[in-house]
Amino acid sequence: MTMLNQRPIFIVGFGRGGSSILLNILRSHPDVCSPRGETQQVFHGKPDENFHTRVTKLLRYAPVAIAQRQDVFSIRSLKPRRAFSAFSRRTIDRVLFDDKCQALGQTQNLFKSEAVKYSNDEILRSRLLCKNLNGLAFLTVEFAKMYPDATFFGLVRNGFAICESHIRRWGKPAHEVGALYKAVCERMIRDAEEYPNFHLVKYEDIVSDTAQASATVFELADLDKSLVEKFRLVINKGKGSTERTGGEATELQWYSWNEFAEVVTPKMNMEQVEYMSEHKEIRESFLESAGPSMKHFGYI
2 MTMLNQRPIF
12 IVGFGRGGSS
22 ILLNILRSHP
32 DVCSPRGETQ
42 QVFHGKPDEN
52 FHTRVTKLLR
62 YAPVAIAQRQ
72 DVFSIRSLKP
82 RRAFSAFSRR
92 TIDRVLFDDK
102 CQALGQTQNL
112 FKSEAVKYSN
122 DEILRSRLLC
132 KNLNGLAFLT
142 VEFAKMYPDA
152 TFFGLVRNGF
162 AICESHIRRW
172 GKPAHEVGAL
182 YKAVCERMIR
192 DAEEYPNFHL
202 VKYEDIVSDT
212 AQASATVFEL
222 ADLDKSLVEK
232 FRLVINKGKG
242 STERTGGEAT
252 ELQWYSWNEF
262 AEVVTPKMNM
272 EQVEYMSEHK
282 EIRESFLESA
292 GPSMKHFGYI
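Basically the numbering used here = 1-based index in the sequence shown + 1.
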């Protein structure tokens with residue numbers, strides 16, 4: 002079965018795991034375009050979208066959910082997905098392709114470089130880039146079957162930083178974050194062993210040497226880094242954050258290779274890890290489940 006999306010790229014990781022930085026690095030390449038949101042948002046809708054848009058997306062997705070007898074795009078479900086039917090593959094591929102082509106906002110697929118716009122044909126021919134976070138890590142097996150020419154990046158981050166962020170932002174219990182970290186890490190480890198086109202990347206390597214990490218990522222994705230003159234970065238206005246939340250206004254900025262390395266710093270990551278060191282009860286609760294994965298990646 003021929004797919005509309007040729008040689009797509011998938012970022013697999015955690016919510017609050019730094020995926021926005023990796024996405025912006027890859028989106029800085031003129032051959033790469035994204036849909037209007039994370040993968041589950043393409044099918045479920047986003048909190049800041051109007052009612053009509055969300056209902057339209059859900060109705061478009063309903064036949065797939067019925068055919069699969071499973072909400073395959075649930076970020077909360079840490080279970081393997083059922084094998085996609087031919088109908089589900091065609092529908093998912095078409096929805097992702099169409100959403101990429103419709104993502105024409107100022108911070109989406111409007112500019113391929115600073116002040117240079119994409120043509121419609123360039124967007125059609127571009128490589129799809131999606132973010133599969135949390136439970137969507139369990140989609141890799143089926144996406145690898147759908148897209149044998151795909152590239153997957155499993156983005157790993159110090160679990161202490163992720164745990165601190167989940168507690169601060171959503172008030173999640175540490176043991177719950179630990180269980181999530183364990184499940185997603187173990188899934189990514191297995192997929193990296195199974196698929197030669199699945200590459201594990203550490204968030205800490207990206208923020209400590211952004212230029213080198215970016216060059217490596219482009220090479221692994223078979224993207225010509227010489228075509229990237231500047232890096233794009235979508236930030237929240239007035240906050241300087243690369244993490245977007247529902248309803249917040251964003252803007253697109255461009256940085257040279259050297260400037261981008263200065264913008265992307267490990268400071269926040271270090272502060273989050275330090276917080277967990279100072280709160281031993283929270284730390285130990287998180288490590289009950291996450292400990293083996295943290296050891297595997299050298300974080301403890």
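Where is the CB? At the ideal position from N, CA and C, for every residue including glycine. Nothing here was measured: the structure is a model prediction, and the numbers come from that model.
| field | Reduced DSSP category for F15 - H, G, I as helix; E, B as strand; rest coil | value | On the sequence shown, residue 15 is found 14 positions in, with the first residue counted as 1. In this structure, F15 counts as coil in the three-state DSSP scheme.
| Hey, F347 and L79: beta-carbon distance below 8 Å or not? | This structure cannot settle anything about residue 347, because the visible part of the chain is limited to 2 through 301.
| task | Let me know the beta strand (DSSP E) ranges lying completely inside the stretch 95–145, each 3 residues or longer, listed in chain order. | result | 112–114, 128–134
| task | Would you mind listing the beta strand (DSSP E) stretches within the stretch 156–213 that are 3+ residues and don't spill past its ends, in chain order? | result | 199–203
| field | Given E205 as reference, the closest of G136, F112, R95, T266 once Cα atoms are compared | value | By 1-based counting over the sequence shown, the position of residue 205 is 204. The shortest Cα separation from E205 among G136, F112, R95, T266 belongs to T266.
| task | Please list, in chain order, all residues of the same chain as R233 whose beta carbon is under 7 Å from its beta carbon, the five residues on each side excluded. | result | Here residue 233 is taken as the residue at index 232 of the sequence shown, counted from 1. Closer than 7 Å at the Cβ level, and outside the excluded window around R233, lie N25, R28, S29, L253, W255.
| query | Is the CB-CB distance between R90 and M2 below 8 Å? | reply | For the purposes of this step, residue 90 is taken as residue 89 along the sequence shown, with counting starting at 1. For the purposes of this step, residue 2 is taken as residue 1 along the sequence shown, with counting starting at 1. Yes, the pair counts as a contact, with Cβ atoms nearer than the cut-off.
| query | Can the beta-carbon of H176 be found less than 8 Å from the beta-carbon of S290? | reply | In the sequence shown, the residue the question calls residue 176 occupies position 175. In the sequence shown, the residue the question calls residue 290 occupies position 289. Cβ distance < 8 Å, so H176 and S290 count as in contact.
| query | Touch check for the stretch 216–232 and the stretch 156–175: three-plus C-beta pairs under 8 Å? | reply | no
| field | CA-to-CA distance, R37 to Q309, given in whole angstroms | value | In the structure displayed, the chain extends from 2 to 301; residue 309 sits before or after that span and is not available.
| Assigned exposure category for D122 - 16 Cβ within 10 Å defines buried | Position 121 of the sequence shown holds residue 122. That one is exposed.
| query | Buried or exposed: where does A214 fall if 16 or more other Cβ atoms within 10 Å of its Cβ makes it buried? | reply | Here residue 214 is taken as the residue at index 213 of the sequence shown, counted from 1. So A214 ends up on the buried side.
| said: According to DSSP, is F232 part of a helix, a strand, or is it coil? | reply: In the sequence shown, residue 232 corresponds to position 231, counting from 1. Looking at F232 - three-state DSSP - the assignment turns out to be strand.
| request: Rounded to whole angstroms, what's the CA-CA distance from T108 to K231? Just pull it up for me. | output: For this step, residue 108 is matched to residue 107 along the sequence shown. For this step, residue 231 is matched to residue 230 along the sequence shown. Cα to Cα, T108 sits roughly 15 Å from K231.
| task | Mark R128 as exposed unless 16 or more other C-beta atoms lie within 10 angstroms of its C-beta, in which case mark it buried. | result | Here residue 128 refers to the residue found at position 127 when the sequence shown is read from its first residue. With 16 or more other Cβ atoms within 10 Å, it is buried.
| query | Candidates D49, V43, E260, V56: which alpha carbon is nearest V73's? | reply | One-based indexing of the sequence shown puts residue 73 at position 72. Nearest option by C-alpha distance: V43.
| query | Hey, N133 and V13: beta-carbon distance below 8 Å or not? | reply | The residue labelled residue 133 in the question sits at position 132 within the sequence shown. The residue labelled residue 13 in the question sits at position 12 within the sequence shown. Yes, these two residues count as a Cβ contact at 8 Å.
| request: Starting from the Cα of E194, find the closest Cα among F112, S75, T141, L137 and give me that residue. | output: Along the sequence shown, read from residue 1 onward, the residue named residue 194 stands at position 193. That would be T141, whose Cα lies nearest to the Cα of E194.
| request: Run the CB neighbour count on K238, radius 10 Å, all protein chains shown included, and call it buried at 16 or more, exposed below. | output: Mapped onto the sequence shown, residue 238 falls at position 237. Exposed, since its Cβ has fewer than 16 Cβ neighbours within 10 Å.
| With distances taken between CB atoms, is the gap from F144 to F11 smaller than 8 Å? | One-based indexing of the sequence shown puts residue 144 at position 143. One-based indexing of the sequence shown puts residue 11 at position 10. Against a cut-off of 8 Å, the Cβ pair of F11 and F144 comes out as a contact.
| said: For A184 and A116, what's the separation of their Cα atoms in angstroms? | reply: As a working note, residue 184 is residue 183 in the sequence shown. As a working note, residue 116 is residue 115 in the sequence shown. About 42 Å.
| said: Short of 7 Å in beta carbon distance, which residues of its chain neighbour R95, apart from the five on each side in sequence? Order them along the chain. | reply: As a working note, residue 95 is residue 94 in the sequence shown. Excluding positions up to five away in sequence, the list reads L5.
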